[in-house]
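Everything on this sheet refers to the single structure shown next.
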Amino acid sequence: MSPVTAGVLQMLALIAALALAYRPLGDHMARVYSSEKHYRPEKWIYKVIGANPSAEMRWPAYLRAVLAFSAVSVLFLYLMQRMQGSLPGSLGFSSIDPDQAFNTAASFVANTNWQSYYGEQAMGHVVQTGGLAVQNFVSAAVGMAVAVALVRGFSRSRTGELGNFWSDLVRGTVRILLPISVIGAIVLVACGAIQNFAGIHEVGQFMGGTQQWNGGAVASQEVIKELGTNGGGYFNANSAHPFENPTPFSNLFEVFLILVIPFAMTRTFGRMVGNLRQGYAILATMGVIWIGFTALMMWTEFAHHGPAFEVSGGAMEGKETRYGIAASSIFSVATTLTSTGAVNSFHSSYTGLGGGIQLLGMQLGEIAPGGVGSGLYGMLIMAIIAVFIAGLMVGRTPEYLGKKISTREIKLAACYILITPALVLCFTAAAMALPTPGNSMTNSGAHGFSEILYAYTSGANNNGSAFAGLNADTQWFNSTIGIAMLLGRFLPMVFVLALAGSLAEQKPVPETAGTLRTDKPLYAGLLVGTILIITGLTYFPALALGPFAEGLAS
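Position 66 of the sequence shown, counted from 1, bears residue number 77 in this note's numbering, the numbering being contiguous throughout.
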């Protein structure tokens, strides 16, 4: 069997698995967020935190709860790292430096999981399990809660109430993320991923010195790292490490975990707004982009010219032989089109055009299918923009799901789509203009520029993957990428929740013969075009200086 055929079969198996999980998981999540019943463990949590889960919140109160919870999480994780040297289970590691502790705290709370440290050489069991793994759960649950709040904005009318953040947070964690993670961890352990609290072991000679391996609760952290579209690895090699991702089957299973909730949330959306076909239209848009990007990535990595590429069957540099080009390409596209950031190969080693596909995937806003929660609300923002463009073309006030898209809604949507590009391009320009940040680049020219552009694209879009050629453990990059991650995560949420509140206050608009049908293939095509055009106009000059220039020169 040829490697290309194997890659196509893996894609078909992945699509089949996602299709089987789509309906039951999507319906389950809709029931979770629509239920008025509170389970006993959830009541204990509400009592501890002093929250009333039945109290409805308007969008300012919902936003304050999101920001307050996240601020406390950043502080708690920062202090854990700064105190690591005094904590039990630290494996003898010292406390983390202030700038790196800030960067890591911001990263995991923002669901970015950017890492400027070597996990097996810096973080002990307590910080890994009690700090980082906990944030893997709750940061994902925050994104899901905000997405559900926006969906309620579409489904409700003549009220500004969007639900209760504390209830949405706890239910998302207890009823969705935890049960799937328990099952997924068992699967990964069966595949060979480790799960223990062992210390550091010397395993033999390596290049003139001894090599040391850590134990750890890897499988349980690995599953929520993928399921919650987090991406932070227990080890520096991330999902290329055999302790995290030992076999081709575990590799495909991890890709499934990355994609299953973001895709299934379109079913949740359709169920909660009372129109499943609307969910299918969003699903089709996400699916077309995902499949298209995966096909392009495989083509660039298999078809690159040169004697070395012909001997190895393609661009094998930086890829694990136990996965090969096809599985690495599938993983790479899945992780950059979502906000996961996990890697099973080194993105800096991809071809110039392959690196451009990774960058473009993040620059779309990570909406195909995107992060857990963030992918859905990002796509719904784009859906509003597409409806607005269609309204301009026919001279009619745009409507979406029975709600008028007026000046206020368009301003909020426009602010949402402008925030991340502004962060990426401004920080990249500053890093290239100043003398010190450039010293962190391993490469010069177009590839060196791509390293900087990739770092800020990854941080501001809350992805977390790296080009692997940039020394990001400096005060400049720890601080600026940390700021980009926080602003890129929480500023868009301000506009999403404000938009949700504005939509919820409206009364439904009856459908007429002139209403644009947003559940048809024509609209899905318009939505795909809108996404690609907006992203292209925003980022094409920067991409032309980096990966596109490198790809055309090779």
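Every residue gets a Cβ at the ideal spot worked out from N, C-alpha and C, and that includes glycine.
According to DSSP, simplified to helix, strand and coil, what is residue i?
i	result
I211	strand
N114	helix
E172	strand
N184	One detail in the question is off: residue 184 reads as Thr in this sequence, not Asn. Helix, per DSSP.
E410	strand
T523	coil
L481	strand
M134	coil
L364	helix
Y57	helix
A314	coil
W177	helix
P64	coil
T567	The requested residue 567 is not part of the displayed model; the chain covers only 12 to 565.
G100	coil
L375	coil
S250	helix
H49	coil
Q206	coil
A28	helix
E255	coil
T305	helix
I107	coil
G475	coil
Measure how close the beta-carbons of residue i and residue j come, nearest whole angstrom, since I'm counting them as under 8 Å.
i	j	result
Q146	S101	About 18 Å separates the two Cβ atoms, so there is no contact after all.
P273	G183	Contact flag wrong, Cβ pair sits at about 14 Å.
F506	L391	About 12 Å; that fails the 8 Å criterion.
G325	I336	4 Å
L188	A151	6 Å
G3	N473	In the structure displayed, the chain extends from 12 to 565; residue 3 sits before or after that span and is not available.
A112	Y89	5 Å
A295	Y33	In fact, because the Cβ distance is near 12 Å, the residues do not count as touching under 8 Å.
G18	M309	6 Å
F342	V435	No, F342 and V435 are not in contact; Cβ-Cβ is about 23 Å, not under 8 Å.
G470	G164	So it is not a contact: roughly 28 Å between Cβ atoms.
I333	P259	Looking at the sequence itself, residue 333 is Arg, so the reference to Ile does not match. Yes, R333 and P259 are in contact; Cβ-Cβ is about 6 Å, under 8 Å.
L538	A394	6 Å
P432	T349	19 Å between Cβ atoms; not a contact.
I396	T541	6 Å
With distances taken Cα to Cα, identify the nearest neighbour of residue i among the options.
i	options	result
M22	R34, P558 and G303	G303
T170	M68, M155 and F488	M68
E131	N256, V234, G210 and G242	G210
G103	M134, S261 and N249	M134
A535	G154, T485 and A379	A379
I492	P253, T439 and F246	T439
Q223	E213, A230 and V229	E213
T546	N454, M373, T140 and M308	M373
T523	A228, S45, G413 and S451	G413
I191	L403, F208, K236 and P432	K236
Y50	F87, R186 and V120	R186
N122	A353, F254, Y129 and P109	A353
L98	A79, Q139, D110 and L78	Q139
M91	A116, A76 and A82	A116
Y128	V405, A495 and N489	N489
S81	Y427, H458 and V149	V149
L238	G366, S178, L268 and V398	L268
S359	A457, I194 and V77	A457
Start and end of the alpha helix (DSSP H) containing residue i?
i	result
H458	G456 to A471
K422	T418 to A444
K236	V229 to L238
V193	L189 to C202
A535	P532 to L556
A379	It is not in any alpha helix (DSSP H) - A379 carries neither H nor E in the DSSP assignment.
M91	W70 to R93
A394	S385 to V405
L161	A144 to S166
N262	P259 to V284
E516	Q486 to E516
L348	G335 to L348
According to DSSP, residue i sits in a beta bridge with which residue or residues?
i	result
M12	According to DSSP, which records beta bridges pairwise, M12 is partnered with nothing at all.
S9	Lying outside 12 to 565, the shown extent of the chain, residue 9 is not represented and no answer is given.
N225	I211
K4	Beyond the ends of the chain as shown, which are 12 and 565, falls residue 4; an answer cannot be given.
M452	L481
With hydrogens ignored, establish whether the beta-carbon of residue i is closer than 7 Å to any heavy atom of the ligand ATP.
i	result
T349	In terms of ligand content, the structure shown is empty, and the ligand ATP therefore cannot be addressed.
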